[in-house]
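Chemist: First the structure, then my questions, so here it is.
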Amino acid sequence: MALVDVRRGPAVPERARGETGRTAAGRREPVDWYKDAMTTSAPPEPTDEVVDLCRDLLRIDTTNTGDNDTSVGERRAAEYVAEKLADVGVDVEIHESAPGRANLVARIAGTEPGRDALLVHGHLDVVPADPDEWSVHPFSGEIRDGYLWGRGAIDMKDFDAMVLAVVRGWQRAGVRPRRDVVLAFTADEEAGSEYGAHFLTQRHRGLFDGCTEAIGEVGGFSYSVDEQRRLYLIETAEKGIDWLRLHARGRPGHGSMVHDDNAVTALAEAVARIGRHRFPVVMTDTVRAFLAEVADVLGIEIDPDDPETAIAKLGPIANIIGATVRNTANPTRLAAGYKDNVIPGRATATIDCRSLPGQSEELERQLRELVGPDIAIEYVQRQPALETTFDGDLVAQMSDALRAEDPGAHPVPYMLSGGTDAKAFSQLGIRCFGFAPLRLPADLNFSGLFHGIDERVPLDGLQFGVRVLDRFLRNC
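In our numbering, the protein residues as written are 288 to 763.
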């Protein structure tokens, strides 16, 4: 299925129709900024509006279970984004890859049409959340202690809201970027992007004509060195996705008898070997560059044969960085049996493997050696790692925008331990970066919030991100 829903925004060069206000009863009612210009206040500033936009998005449950029948909310979120863009005169297209799996694309024309276009992409889906584990309901969009709480607050509805706030502010003020900016709000990133970015690049690649560079998650966030200095990690690389299943077979039998051909036992032993194994350190160009910057800023020496000793000193970001010096493989699911007293003939485990650039085949060889000849390996999904260099005009503009808003900013390249929609967009020859700027409190365990409980984003961090993105996108 490939439903195309085209939304035409009104031809409004400055302020936009359809902005919303609240009645005394709390309902949202449309406000026409032209009609009511003499009786209503001015439209909100992007730095003010971003909080409401993000809160609205968080309140839309877009849980992606990995199953079309149980995933929810992506169409509703795309409709919300479409309304917010069409309200201010932006034409949008919604493309459904399957019922309810919606992707939105729009293009903002630049003042220099001969230049290459920039893609700005963010996904609308989130991973599941159990309300019983959270301090607040994960889809409440609650504001507390200077943070906006909810599933997706940093992965990645915060960036979606920042982009919307910037573009809506531009449209009201009649601002145009120098180059075309293509906006893509996607489905299904949390399950590998088959119904999202991959669908768009395979079925609608013309939407991205002229795009040579892109920004998306996860980068541009701060790590405090001290009160005056902050590293801002810009993603120039990300590990590959090598999700697989292990299959063990044995002889079924009665659970009360001695049994030496048990599929569960064989599988459990293989899973334990993988779960406890530490793959060898492999230093990529991006990790070397990051550690060199860290060594310089912190005034420490880093042993290339033992980088993890230095990485352990990085506090909240150590988990992300530590996972980028080696391949990783983590057991995540087990399945076997159908009755307590029956020894099953089959057992299955899912392993979340992430490979460094150029290491996917080597990782497979290492895994086959670990599990042995009697365990079958089935790849569920395989997407390559990405890596680019930390140079060029786009990197310079990112760095300048960060320093303009934070004089203590020190931009550095880094590798993301996970994967993003960049894997799909890179297949079009687009050079991809992670740049969703956030200035974070020094004591916030940012990496622990991804797919964790009590996910939240600082309100002033959202506003900082809007200012940086506005400056960057106007000038890049």
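All C-beta atoms, glycine included, are put in the ideal place defined by N, C-alpha and C.
Which residues does DSSP list as the beta-bridge partners of tyrosine 519?
Modeler: Per DSSP, Ser509, Pro698.
Chemist: Return the bridge partner residues of proline 745 from the DSSP annotation.
Modeler: Paired residues: Tyr434.
Chemist: How many Å lie between alanine 369 and arginine 363 at the Cα?
Modeler: Their Cα atoms are separated by approximately 10 Å.
Chemist: What are the residues that DSSP puts in a beta bridge with glutamate 525?
Modeler: Answer is Leu673, Leu703, bridged to glutamate 525.
Chemist: Do the segment 526 to 533 and the segment 659 to 678 meet, that is, are 3 or more Cβ pairs less than 8 Å apart?
Modeler: The answer is yes - the segment 659 to 678 touches the segment 526 to 533, with three or more Cβ pairs under 8 Å.
Chemist: How big is the Cα-Cα spacing for phenylalanine 472 and tyrosine 367?
Modeler: Answer to the nearest angstrom: the Cα atoms are 11 Å apart.
Chemist: Can you tell me which residues form a DSSP beta bridge with phenylalanine 472?
Modeler: Partner(s): Leu391, Gly409.
Chemist: Taking only runs that begin and end inside the segment 626 to 687, name each unbroken alpha helix (DSSP H) of 4 or more residues, in chain order.
Modeler: Listed in chain order, the complete alpha helix (DSSP H) runs (minimum 4 residues) inside the segment 626 to 687 are 647 to 658.
Chemist: Along the chain, where does the beta strand (DSSP E) that runs through threonine 615 open and close?
Modeler: Taken as a continuous stretch (DSSP letters only), the beta strand (DSSP E) holding threonine 615 covers 615 to 623.
Chemist: Three or more C-beta pairs closer than 8 Å, one from the segment 742 to 753 and one from the segment 722 to 729: is that the case here?
Modeler: Contact holds: three or more Cβ-Cβ distances are below 8 Å.
Chemist: Straight-line CA distance for proline 591 to proline 603?
Modeler: Looking at the two C-alpha atoms, the distance is approximately 21 Å.
Chemist: If I measure Cβ to Cβ from aspartate 747 and keep anything under 6 Å in the same chain, skipping five residues before and after, which residues do I get?
Modeler: The answer is none, since no qualifying residue turns up.
Chemist: Taking the beta strand (DSSP E) that cysteine 719 falls in, what are its first and last residues?
Modeler: 718 to 721 is the extent of the beta strand (DSSP E) around cysteine 719.
Chemist: Phenylalanine 508 to aspartate 354, Cα distance in whole Å?
Modeler: Between phenylalanine 508 and aspartate 354, the C-alpha separation is close to 31 Å.
Chemist: At what residues does the beta strand (DSSP E) containing cysteine 498 begin and finish?
Modeler: Run containing cysteine 498: 498 to 503, per the beta strand (DSSP E) assignment.
Chemist: Using the Cβ count rule (16 or more neighbours within 10 Å means buried), how would you classify glutamine 515?
Modeler: Exposed, because fewer than 16 other Cβ atoms sit within 10 Å of the Cβ of glutamine 515.
Chemist: Within 10 angstroms of its Cβ, does tyrosine 510 collect 16 or more other Cβ (buried), or is it exposed?
Modeler: So tyrosine 510 counts as buried.
Chemist: Rank Met443, Asp680, Ala550, Leu372 by C-alpha distance to the C-alpha of valine 744 and give the top, closest one.
Modeler: The candidate whose alpha carbon is nearest that of valine 744 is Met443.
Chemist: Considering Cα atoms alone, identify which of Pro567, Ala396, Asp708, Gly705 is closest to leucine 650.
Modeler: Of the listed residues, the one whose Cα sits closest to leucine 650 is Pro567.
Chemist: Does the Cβ of arginine 459 have 16 or more other Cβ atoms within 10 Å, making it buried, or fewer, making it exposed?
Modeler: Buried.
Chemist: If contact is defined by three or more beta carbon pairs under 8 Å, each pair taking one atom from either stretch, is the segment 707 to 715 in contact with the segment 398 to 416?
Modeler: Because the criterion of three Cβ pairs below 8 Å is met, the segment 398 to 416 and the segment 707 to 715 touch.
Chemist: Just mark alanine 324 as buried or exposed, buried being the case when its beta carbon has 16 or more other beta carbons within 10 Å.
Modeler: Note that alanine 324 scores a pLDDT of 33, beneath 50, so its modelled location is shaky and nothing firm can be said.
Chemist: Drop a sphere of 10 angstroms on the beta-carbon of aspartate 757, count the other beta-carbons inside from all chains shown, and report buried for 16 or more, exposed for fewer.
Modeler: With 16 or more other Cβ atoms within 10 Å, it is buried.
Chemist: State the Cα-Cα distance for the pair aspartate 339 and leucine 345, rounded to the nearest angstrom.
Modeler: Between aspartate 339 and leucine 345, the C-alpha separation is close to 10 Å.
Chemist: Could you tell me if proline 317 is buried or exposed, where buried requires 16 or more neighbouring beta carbons within 10 angstroms of its beta carbon?
Modeler: In this prediction, proline 317 scores a pLDDT of 33, lower than 50, which makes its location untrustworthy; the coordinate-derived value is nonetheless stated afterwards. Proline 317 is exposed by the Cβ-count criterion.
Chemist: Do glycine 624 and proline 631 come within 8 Å of each other at the CB atom, strictly closer than that value?
Modeler: Closer than 8 Å, so yes.
Chemist: Is the beta carbon of alanine 452 less than 8 Å from the beta carbon of proline 330?
Modeler: Their beta carbons are not under 8 Å apart, which means alanine 452 does not touch proline 330 by this criterion.
Chemist: Okay, do the segment 376 to 390 and the segment 434 to 448 touch, 3+ Cβ pairs below 8 Å being the bar?
Modeler: At 8 Å Cβ cutoff, the stretches do not touch.
Chemist: Starting from serine 384, follow the alpha helix (DSSP H) in both directions and report where the run begins and ends.
Modeler: Where serine 384 is concerned, there is no enclosing alpha helix (DSSP H), although the beta strand (DSSP E) it sits in stretches over 379 to 385.
Chemist: If I follow the unbroken alpha helix (DSSP H) through tyrosine 367, where does it start and stop?
Modeler: Taken as a continuous stretch (DSSP letters only), the alpha helix (DSSP H) holding tyrosine 367 covers 361 to 373.
Chemist: For threonine 488 and glutamate 522, I'd like the C-alpha separation in whole angstroms.
Modeler: Whole-angstrom Cα-Cα distance: 21 Å.
Chemist: Does the Cβ-Cβ distance between phenylalanine 486 and serine 384 come in under 8 Å?
Modeler: Contact flag set, yes.
Chemist: Just the Cα atoms here: how many angstroms apart are cysteine 763 and alanine 555?
Modeler: Cα-Cα distance, rounded: 52 Å.
Chemist: Taking DSSP's pairing of strands, which residues face alanine 233 in a bridge?
Modeler: The question about residue 233 has no answer here: the residues shown for the chain are numbered 288 through 763.
Chemist: With distance defined between alpha-carbon atoms, name the residue in Arg517, Gly739, Arg761 nearest to aspartate 419.
Modeler: With distances taken between Cα atoms, aspartate 419 lies closest to Gly739.
Chemist: When we look at the beta-carbon of lysine 710 and count the other beta-carbons within 10 Å, is it buried (16 or more) or exposed?
Modeler: Flag for lysine 710 reads buried.
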